[in-house]
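Participant: Attaching a single structure in structure tokens format; questions to follow.
2 protein chains.
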Amino acid sequence: MLKRYGGQTVLFTKPVGIMAAASVVGPKEGEGPLGTQFDRVEKDPMFGAESWEKAESEFVKTAADVAVKKSGAVMDDFEYIIAGDLLNQSTGSIFGLRDTKRPYLGIFGACSAMGEGMSLGAMLVDGGFASKVLCLASSHFCSAEKQFRFPLEFGAQRPQTSTWTVTGAAAVALGSIASGPAVMGCTTGKMVDMGVKDAHNMGAAMAGAAADTIAAHFVDTGRSPDYYDAIITGDLGYVGQELLLQLMKKKGHDITHKHRDCGIEIFDKDTQDTHSGGSGCACSGVVFAAHFLEKIKRGDINKVLFVPTGALMSPTSVQQGESIPGIAHGVVIENV
Amino acid sequence: MLKRYGGQTVLFTKPVGIMAAASVVGPKEGEGPLGTQFDRVEKDPMFGAESWEKAESEFVKTAADVAVKKSGAVMDDFEYIIAGDLLNQSTGSIFGLRDTKRPYLGIFGACSAMGEGMSLGAMLVDGGFASKVLCLASSHFCSAEKQFRFPLEFGAQRPQTSTWTVTGAAAVALGSIASGPAVMGCTTGKMVDMGVKDAHNMGAAMAGAAADTIAAHFVDTGRSPDYYDAIITGDLGYVGQELLLQLMKKKGHDITHKHRDCGIEIFDKDTQDTHSGGSGCACSGVVFAAHFLEKIKRGDINKVLFVPTGALMSPTSVQQGESIPGIAHGVVIENV
Chain A
4 MLKRYGGQTV LFTKPVGIMA AASVVGPKEG EGPLGTQFDR VEKDPMFGAE SWEKAESEFV
64 KTAADVAVKK SGAVMDDFEY IIAGDLLNQS TGSIFGLRDT KRPYLGIFGA CSAMGEGMSL
124 GAMLVDGGFA SKVLCLASSH FCSAEKQFRF PLEFGAQRPQ TSTWTVTGAA AVALGSIASG
184 PAVMGCTTGK MVDMGVKDAH NMGAAMAGAA ADTIAAHFVD TGRSPDYYDA IITGDLGYVG
244 QELLLQLMKK KGHDITHKHR DCGIEIFDKD TQDTHSGGSG CACSGVVFAA HFLEKIKRGD
304 INKVLFVPTG ALMSPTSVQQ GESIPGIAHG VVIENV
Chain B
4 MLKRYGGQTV LFTKPVGIMA AASVVGPKEG EGPLGTQFDR VEKDPMFGAE SWEKAESEFV
64 KTAADVAVKK SGAVMDDFEY IIAGDLLNQS TGSIFGLRDT KRPYLGIFGA CSAMGEGMSL
124 GAMLVDGGFA SKVLCLASSH FCSAEKQFRF PLEFGAQRPQ TSTWTVTGAA AVALGSIASG
184 PAVMGCTTGK MVDMGVKDAH NMGAAMAGAA ADTIAAHFVD TGRSPDYYDA IITGDLGYVG
244 QELLLQLMKK KGHDITHKHR DCGIEIFDKD TQDTHSGGSG CACSGVVFAA HFLEKIKRGD
304 INKVLFVPTG ALMSPTSVQQ GESIPGIAHG VVIENV
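Residue numbers (the working numbering), protein chains in the order written: chain A, 4 to 339; chain B, 4 to 339.
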């Protein structure tokens, strides 16, 4: 019998526990409002490596180690590792996890990686294919700027709609728990293309996908925004948040007082010069792991719809005149 | 209760049917030994598009349409689409599938994409999360050469160890069937790094991963090569095949008479100037869909271990002196 609850949504009969989560970030993230909440703030953005790409892999490796240690398990206990990042051919994840010697499933969902990974990981556990799955997502400001935009040395001026790629990595260990935060289901997103072609305005490119997934979740489950204590998107930033709230109102849902965005939480707009907010695969991952998951554990919030958002583009696709489709994957997390 | 059979392997209690598969290829593939077996040979490698990247997306779109049509279902019946390719940020898959309006899970496993996709897709069906999943993989000789090696116009001489990236896309529709070929389980691969740094010798970089996954499958299941009528790797080519057979003998298994490689099957070495063979995400996908799946349907072979292989690298990682880890995902297919 299908476990589906509706068009895009799966709800589990048995919660999939979040055993532990880890957040490892760079110095700028450490100076932000959540600075004291991360597991580790690495002062050297190169993390002792020879290149930004290799540094990103060091963040990944460290986040994996920290999450496994916090979970009380060992790496060999995890039947699958699921990981994704923004680098060409996902080398941030690959070289960070090369030595784990665990079955490896690479994903690409741009900055929605943690949403896609947690959804797949939870389904693999609920389906009986694994007892434990480790999900990772990473990004690095310098490797992303180099690959997607301009050489850092060029000192290009950034428009106010642009976001700042978070340097760091997050890891979430899924498995069984006696009590605490657990994944209760997921709403897998469709690609939504709003026709945005401005690679410096990812919030606008992703807002439509976030609205589509959140609205689909309500239709599938019969729930309303009232059900949740918080609806947390990945990296829409200030520009994307405004659009999301408008789009949701058009769809008949006012989520104004429930909405939080990881990209807005991670930096101080007034003092950190990050314009529309934070972004990158690590953004939703580290803010969830360090901040929101702890709030759930404390009981400050109990029911959360976590919706990492991704802008699906490459420099080549933008140069060839393509618009930027967005995608957003919803993960239901509740205290059990 | 866990459905696992061993360290890296899942065997399903109920087979996951292969409803249909599609293969759409370019002109060079059409001129090869399997030319008459593909669903469609597109004579224009640009597929009417303005760029090689957009052409690759046209191959993806067409393969999806053909597979869905052959399956007797409609696109809206598929609860998930899982797709991967080699292009930066997976734009081959993304722009090819943007208009499907189905929940989308992007993957990255380099040329192992069809193995990773079919494994995940079959688990989602067996786990009760979907009734139908569409899995895709694509590559394009021209987009791959441009991105990974030299501009085509440069006319670089290719070493004899190099392989020729297959132009095309494959799609496999998983769901329920009354009888015929079905996915019975999967062995998810670990990254295996043999220390190979030569990006013109992918066969050598991947052979260790293929041997690791095949040997793990035998350990996990207690089976020997005798169980299978064919053990089919993705794109090891002639160089990689020789290494795989040697490595398997060292592990105590002689698979010489069972082994087939999609990269060897797709081109005629003597007349097509493809050196060590074919490669690319499409290679294993289209050869499986057009050739081996049909052989299973006819009962020529009944039990198959299909092992798409991937070389995990980017031009940046190679330029920075990194070696090339390999990965291989095993999929068990039997006539039921």
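Even glycine gets a Cβ: it sits at the ideal position worked out from N, Cα and C.
I'd like to know if K254/A contacts chain B, where contact means its C-beta is closer than 8 Å to some C-beta of that chain.
Facilitator: It does not: the Cβ of K254/A has no partner Cβ on chain B nearer than 8 Å.
Participant: So that I know if they touch, is there some Cβ in chain B lying closer than 8 Å to that of M126/A?
Facilitator: Yes - at least one Cβ of chain B is within 8 Å of the one on M126/A.
Participant: Output the residue ranges of the beta strand (DSSP E) runs that lie fully inside the stretch 250-337 of chain B and measure 3 residues or longer, sorted by chain position.
Facilitator: As far as the stretch 250-337 of chain B is concerned, its whole beta strand (DSSP E) runs of at least 3 residues are 262-264, 306-310, 312-314, 329-331.
Participant: Taking the CB atoms as reference points, tell me whether V335/A and M187/A lie closer together than 8 Å.
Facilitator: Cβ atoms of V335/A and M187/A: closer than 8 Å.
Participant: Anyone know if the C-beta pair for K3/B and A218/B falls short of 8 Å?
Facilitator: Any answer about residue 3/B is impossible in this case: the structure gives chain B only from 4 up to 339.
Participant: Closer than 8 Å, CB to CB, is D196/B near chain A or not?
Facilitator: Yes, its Cβ sits closer than 8 Å to a Cβ of chain A.
Participant: Identify the contact partners of G98/A in chain B, using a Cβ-Cβ distance below 9 Å as the criterion.
Facilitator: Here the sequence assigns Phe to residue 98/A, which means Gly is not the residue at that position. Residues of chain B passing the Cβ test: L315, S320, E325, P328.
Participant: Looking at C-beta atoms only, is the number of pairs between the stretch 303-316 of chain B and the stretch 105-116 of chain B that lie closer than 8 Å three or more?
Facilitator: Short answer: they touch.
Participant: Could you tell me if R301/A is buried or exposed, where buried requires 16 or more neighbouring beta carbons within 10 angstroms of its beta carbon?
Facilitator: R301/A is exposed by the Cβ-count criterion.
Participant: Return the bridge partner residues of Y83/A from the DSSP annotation.
Facilitator: Partner(s): V136/A.
Participant: Which residues of the stretch 5-31 of chain A have a Cβ closer than 8 Å to any Cβ of chain B? Give them in chain order.
Facilitator: If the cut-off is 8 Å between Cβ atoms, the stretch 5-31 of chain A has L5, K6, R7, Q11, V13 near chain B.
Participant: Going by DSSP, what residue range makes up the alpha helix (DSSP H) through F144/A?
Facilitator: Segment 144-151, the alpha helix (DSSP H) holding F144/A.
Participant: Let me see if you follow: with CB-CB separation under 8 Å, is E148/B close to chain A or not?
Facilitator: Closer than 8 Å: no.
Participant: Please state whether DSSP places I180/B in a helix, a strand or coil.
Facilitator: Correct three-state label for I180/B: coil.
Participant: T259/A CB to nearest chain B CB: under 8 Å?
Facilitator: Cβ-Cβ to chain B under 8 Å: no for T259/A.
Participant: Could you run through the stretch 86-110 of chain A and flag, in chain order, every residue whose CB is less than 9 Å away from some CB of chain B?
Facilitator: From the stretch 86-110 of chain A, only G87, L89, L90, N91, Q92, S93, T94, S96, I97, F98, L100, R101, D102, T103, K104, R105, P106, Y107, L108, G109, I110 have a Cβ closer than 9 Å to chain B.
Participant: Can you give me the C-alpha to C-alpha distance between T94/B and G183/B, rounded to a whole angstrom?
Facilitator: Spanning the two alpha carbons is a distance of roughly 33 Å.
Participant: By the 8 Å beta-carbon criterion, what residues does the stretch 52-86 of chain A contribute toward chain B?
Facilitator: Listed in sequence order: E53, S54, E56, K57, E82, Y83.
Participant: G118/A CB to nearest chain B CB: under 8 Å?
Facilitator: Taking Cβ atoms only, chain B never reaches closer than 8 Å to G118/A, which makes this a no.
Participant: For D3/B, tell me which candidate among Q249/B, A213/B, L247/B, K104/B has the shortest Cα-Cα distance.
Facilitator: The structure shown does not extend to residue 3/B, since chain B is modelled only from 4 through 339, so no value can be given for it.
Participant: Let me make sure I understand the geometry here. Which of V44/B, G29/B, E61/B has the alpha-carbon closest to that of A52/B?
Facilitator: When each option's Cα is compared against that of A52/B, the closest is E61/B.
Participant: What in chain B is Cβ-close to S134/A, meaning under 7 Å?
Facilitator: The contacting residues are L5.
Participant: Using a Cβ cut-off of 7 Å, which residues of the stretch 176-193 of chain B contact any Cβ in chain A, in chain order?
Facilitator: Taking 7 Å as the Cβ-Cβ cut-off against chain A, the residues of the stretch 176-193 of chain B that qualify are T191, G192, K193.
Participant: Applying a beta-carbon distance threshold of less than 9 Å, which residues of chain B neighbour A212/A?
Facilitator: In chain order: nothing, as chain B lies at least about 10 Å away.
Participant: For F270/A, count neighbouring Cβ atoms within 10 angstroms of its own Cβ and tell me buried if that reaches 16, exposed if not.
Facilitator: Buried.
Participant: Residues of chain A with a CB under 8 Å from the CB of L123/B: which are they?
Facilitator: Under the 8 Å cutoff, chain A gives L108, L123.
Participant: List the residues that DSSP assigns as beta-bridge partners of S26/B.
Facilitator: Paired residue(s): A173/B.
Participant: Report yes or no: do three or more beta-carbon pairs, one from the stretch 126-144 of chain B and one from the stretch 174-182 of chain B, lie closer than 8 Å?
Facilitator: Result yes; three or more Cβ-Cβ pairs closer than 8 Å.
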